[in-house]
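Written out below as structure tokens is the structure these notes cover.
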Amino acid sequence: MRKKVWVVFLVVALAGFLCTFTSTTVFAAKKFVSIASGWVVGVYYPLAGAISNIAHKNLPDIKITVESSGASVANAKLIASGDADMAILQNDIAYYALKGTKPMFDKEVANMRGITALYQEHCQIQARRDAKIATVKDLKGKRVCVGPLGSGTEQNAMQILEAYGMSFNDLGKVERLTATESSDYLKDGRLDAAFYSVGVGASGLVDTAMTVDSVIVPVDGQAAESLIKKYPFFTKAIVPKTAYKGMEADVPTVAVMAILVARAEMEEAMAYQITKVIFDNIKDIERAHAKGKEVTLESALNGMSIPLHPGAEKFFKEKGIKK
Ligand code: GLU
């Protein structure tokens, strides 16, 4: 009888030991990487989700988690503080972060490195048709969402208004809402217009246009010229009339680039592995959002506004993209 008790005791002890041992070793081997993305109804978030899935399927040692956020400015700060290992953000904001441009940043974000350029983000001002906003000047006195807190959109809204000789003070009401909220507010008439620097076809804008008669307000002419001159990350771009329900013609505007970055502290081998796995599985990125089709090896360095991470650089050199 005593022997039996001992055997049971030993088996239980051994099982316990094995459980603890294997679980700790599994956790020790797995590395966690967080990506600060953007708006749930934007493009960063679904794209970061695709990157996380690719890692899940192909890199057993790395688990990538995705966080939603206000986006570009907030993301650069998360990289600086080490609260995110990777981020998607606008190339203009990445550059300003690196330089510590005030008042956006109170100090330089010196530890941000480029992984790859992704796709073009258009500055889109979506307005209710009944608000009768044909040009940026007509935003005067209107209720406008200038972008979520911590967004690149808010900075672009400021720059665009400035190019038209205006500022937030000219607006009737200035809102800083999440993109989901601004879409809801436009739909139910609590807003007249909203700024979004986001990939064309972002679900927030598609959804608004399905529900309420809306227009995209152009950013063009002399104002666009002076904007590009003062802020050279902007380029001229077109929102095609097929983008949203109710559009009657192509609309000229300006655009920036979305880029994927990592902390400089990320090991070179890991940055290399992540860059490689993205391009080896580019079909999965294409499937995540229409904008994913713009992510190509050939254009990986177009608009990259900050120094590359050595891991990404190694990969692009191997592929002959970088000398
Ligand atoms: N470019 C946007 C911003 O930083 C975010 C867009 C997105 O989440 O897709 O304001």
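Sequential numbering of the sequence shown, starting at 324, is according to my numbering. Using N, Cα and C, we set each Cβ at its ideal position, and we do this for glycine too. Because the structure is a prediction, the values reported are computed rather than measured.
Exclusion of Thr439 from the 6 angstroms shell around the ligand GLU follows from its C-beta lying no nearer than that to any non-hydrogen atom of the ligand. Counting only runs of at least 4 residues, the segment 506-575 fully encloses the following alpha helix (DSSP H) elements, listed from N- to C-terminal order: 526-534, 544-553. Here DSSP, grouped into helix, strand and coil, assigns Leu401 to helix. Following the DSSP letters along the chain, one finds Ser490 in no beta strand (DSSP E), marked with neither H nor E. Lys353 and Asn492 have their C-alpha atoms some 50 angstroms from each other. Fully enclosed beta strand (DSSP E) runs of no fewer than 3 residues occupy 574-586 of the segment 566-621, in order along the chain. Contact annotation, Leu624 with Ile438: C-beta distance approximately 11 angstroms; criterion of less than 8 angstroms not satisfied. Taking a cut-off of 8 angstroms for Cβ pairs, the segment 400-414 and the segment 541-550 do not touch, as fewer than three such pairs fall below it. When DSSP reads this structure, His379 sits in no beta bridge, so it has no partner. Taking the Cα of Ser506 as reference, the smallest distance to any Cα among Thr531, Lys614, Ser490, Gly626 is reached at Thr531.
By the neighbour-count definition (other C-beta atoms within 10 Å, threshold 16), Ala457 is an exposed residue. As a beta-bridge residue in DSSP terms, Glu444 pairs with Val579. Where Ile416 is concerned, there is no enclosing beta strand (DSSP E), although the alpha helix (DSSP H) around it starts and stops at 414-422. Ranked by Cα distance from Pro555, the first of Ile416, Asp429, Ala566, Lys400 is Ile416. Separation of Tyr418 and Ala397 (C-alpha to C-alpha, rounded to the nearest whole angstrom) is 14 angstroms. In the DSSP annotation of this structure, the continuous segment of the alpha helix (DSSP H) that includes Lys637 starts and ends at 633-641. For a cut-off of 8 angstroms, the C-beta gap from Lys559 to Pro575 is around 7 angstroms, short enough to register as a contact. With a cutoff of 6 angstroms, Tyr367 counts as near the ligand GLU, since its C-beta is closer than that to a heavy atom of the ligand. Within 10 angstroms of the beta-carbon of Ser360 lie 16 or more other beta-carbons, which makes it buried. Around the beta carbon of Thr534, a 10 Å sphere encloses fewer than 16 other beta carbons of the protein chains shown; the residue is thus reported as exposed. By the neighbour-count criterion, in which 16 or more other beta carbons inside 10 Å mark a residue as buried, Lys614 falls on the buried side. Relative to the ligand GLU, Ser392 has its C-beta separated by 6 angstroms or more from all heavy atoms. Assignment of beta-bridge partners to Thr476 by DSSP yields no partner.
A distance of 7 angstroms or more separates the beta carbons of Ser520 and Glu617.
Using a Cβ distance threshold of 7 angstroms, Ala581 and Tyr442 count as a contacting pair. Between Ala440 and Val432, the C-beta gap is not smaller than 7 angstroms, which leaves the two residues out of contact. Val364 is the residue among Phe639, Val364, Lys646 whose C-alpha sits nearest the C-alpha of Leu500. Between Glu636 and Ser622, the alpha-carbon positions lie close to 14 angstroms from each other. In this chain, Phe428 is not harboured by any beta strand (DSSP E), its DSSP state being neither H nor E. Here Ser392 is buried, its C-beta having at least 16 other C-beta atoms within 10 Å.
Nearest to Asp515 by alpha-carbon distance, out of Glu390, Tyr567, Val467, is Val467. Of the candidates Ile601, Ser474, Gly512, the residue whose Cα lies closest to the Cα of Asn414 is Ser474.
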